[in-house]
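Visitor: Numbering (our numbering), first residue to last: 327 to 633.
My questions all concern the structure below.
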């Protein structure tokens, strides 16, 4: 399979291997083999791995045809907090991936939903993401709205777009907060240093706003309630790190594991829980608000830092 990529402005000056690795999801070793074999062309000529790209370059990469991913029903228990003919609200445990992807072909929330709903899910997002209107990260626990009908999908997506869809979280973050509440208003885009990460940047970014409120201040941590006004990838994690208060246990945006206080390394991921959803039912217009209690890992960590 040949993949053709035209280099956009934001890749100008980046190393070829770094960009292709991030954009195509190829491992460094596999990409190096492709380049050494002359299977990566830049403007019609074999490219070197350390070449710096220029806007407008044409890249042609011959890669193996990926295995076809299909979402199949699997009998996986679900914690359903609300359900009707149009939609359902699921309380996702940490560690569960939302939809199939390379490296996670099954065992996902979508596989469980296909079994639970007997395939009756909105098809707007395609066969790998049926019914998925919004997502939370693998190691973030909490509530997700899932659309059974296209009408519900369109209605919920419109509320997310106009910022009337309530998504409230709780998190434990590093450090002492100087103010009891505030708003982080900082655009988020793909990191220029590592294209698998997101970052606060002005370059090819989208507006992002997170509102936070201090619930309890501990010696080295703060327990926060947060509300998303926008919904960018990793938004809370990026914004909290940006203001110097990364989410406890965050393996990507938090401090190195060696620099964590005792107890943090036991978290096995970020201490972040999507605890409240609020919206108008797309068909009836009724106001719906669903809450999910803090999960065990979260309350155990609160008890640890209290000590």
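Glycine included, every Cβ here is placed at the ideal spot set by N, Cα and C.
Would you say residue 573 and residue 500 are within 9 Å of each other, going by their C-beta atoms?
Guide: Yes, Cβ-Cβ distance for residue 573 and residue 500 is below 9 Å.
Visitor: Are there 16 or more other CB atoms within 10 angstroms of the CB of residue 509, so buried, or fewer, so exposed?
Guide: So residue 509 counts as exposed.
Visitor: Only counting the same chain, and skipping five residues up and downstream in sequence, which positions put a Cβ closer than 7 Å to that of residue 502?
Guide: Closer than 7 Å at Cβ, skipping near neighbours: 543 and 548.
Visitor: Go through its chain and collect everything with a Cβ distance to residue 485's Cβ below 7 Å, but skip five positions before and after it.
Guide: Within the same chain, residue 485 has close Cβ partners 491, 605 and 606.
Visitor: For residue 647, name the three-state secondary structure that DSSP assigns.
Guide: Because the chain is modelled from 327 through 633, residue 647 falls outside the range shown and cannot be assessed.
Visitor: Helix, strand or coil for residue 503 per DSSP?
Guide: Residue state, collapsed to three classes: coil.
Visitor: Give the range of the beta strand (DSSP E) segment to which residue 388 is assigned.
Guide: Residues 384-388.
Visitor: Between 378, 459, 358 and 330, which has its C-alpha nearest residue 370's C-alpha?
Guide: Out of 378, 459, 358 and 330, 330 has the C-alpha closest to the C-alpha of residue 370.
Visitor: What alpha helix (DSSP H) runs, 4 residues minimum, are completely inside the stretch 462-550?
Guide: You should have 476-487.
Visitor: Could you have a look at residue 630 and say whether DSSP puts it in helix, strand or coil?
Guide: DSSP places residue 630 in helix when its eight states are reduced to three.
Visitor: Counting pairs of beta carbons, one from the stretch 610-626 and one from the stretch 447-456, are three or more of them closer than 8 Å?
Guide: Touching, no, given that fewer than three Cβ pairs across the two stretches are closer than 8 Å.
Visitor: Quick test of your reading: residue 436 and residue 462, contact by CB under 8 Å. State the CB separation rounded to the nearest angstrom.
Guide: Contact flag wrong, Cβ pair sits at about 13 Å.
Visitor: Which two residues bound the contiguous beta strand (DSSP E) that contains residue 368?
Guide: Residues 366-368.
Visitor: Quick one: measure Cβ to Cβ for residue 618 and residue 407, integer angstroms, because I've assumed they're closer than 8 Å.
Guide: Between residue 407 and residue 618 the Cβ distance is about 6 Å, and since that is below 8 Å, they are a contact.
Visitor: With DSSP collapsed to three states, give me the class of residue 437.
Guide: Correct three-state label for residue 437: helix.
Visitor: Within the same chain, show all residues whose beta-carbon is closer than 7 Å to that of residue 483, passing over the 5 residues directly before and after it, in chain order.
Guide: Once the five neighbours on either side are set aside, the close Cβ partners of residue 483 are 459.
Visitor: Taking the alpha-carbon of residue 596 as reference, which of 616, 562 and 504 has the nearest alpha-carbon?
Guide: Of 616, 562 and 504, the residue nearest in Cα terms is 562.
Visitor: For residue 362, which option in 415, 374 and 628 has the closest C-alpha, if you only look at C-alpha atoms?
Guide: The option with the nearest alpha carbon to residue 362 is 374.
Visitor: Alpha carbon to alpha carbon, how far is residue 334 from residue 456?
Guide: Distance between the alpha carbons of residue 334 and residue 456: 31 Å.
Visitor: Hey, is residue 424 close to the ligand COA, as in C-beta under 8 Å from one of its heavy atoms?
Guide: The ligand COA is not part of this structure, which contains no ligands at all.
Visitor: State the CB to CB distance for the pair residue 426 and residue 454, rounded to an integer number of angstroms; the pair is presumed to be in contact (CB under 8 Å).
Guide: That belief holds up - the Cβ atoms of residue 426 and residue 454 are roughly 5 Å apart, short of 8 Å.
Visitor: Report the rounded CA-to-CA distance for residue 598 versus residue 565, giving the unit in angstroms.
Guide: Their Cα atoms are separated by approximately 13 Å.
Visitor: For my contact list, residue 378 and residue 341 are in at a C-beta cut-off of 8 Å; report their separation, rounded to the angstrom.
Guide: Rounded, the Cβ-Cβ distance is 6 Å, consistent with contact.
Visitor: Please report how far the alpha carbon of residue 632 lies from the alpha carbon of residue 538, in whole angstroms.
Guide: Looking at the two C-alpha atoms, the distance is approximately 21 Å.
Visitor: Cα separation between residue 552 and residue 496?
Guide: Their Cα atoms are separated by approximately 6 Å.
Visitor: Return the chain-ordered list of same chain residues with a C-beta closer than 7 Å to the C-beta of residue 347, the five sequence neighbours on each side being excluded.
Guide: Excluding sequence neighbours, residue 347 sits near 354 and 357.
Visitor: Since residue 603 and residue 535 should fall inside the 8 Å C-beta cutoff, what is the C-beta to C-beta distance between them, to a whole number of angstroms?
Guide: No, residue 603 and residue 535 are not in contact; Cβ-Cβ is about 18 Å, not under 8 Å.
Visitor: Using a threshold of 9 Å, state whether the C-beta atoms of residue 388 and residue 366 are closer than that.
Guide: In contact: residue 388 and residue 366 (Cβ atoms closer than 9 Å).
Visitor: Going by DSSP, which residues form a beta bridge with residue 330?
Guide: Per DSSP, 386.
Visitor: Would you give the residue range spanned by the alpha helix (DSSP H) that residue 565 belongs to?
Guide: Looking at the DSSP string, the run of the alpha helix (DSSP H) that includes residue 565 is 561-568.
Visitor: Out of 413, 368, 498 and 339, point me to the one whose CA is closest to residue 629's CA.
Guide: The candidate whose alpha carbon is nearest that of residue 629 is 498.
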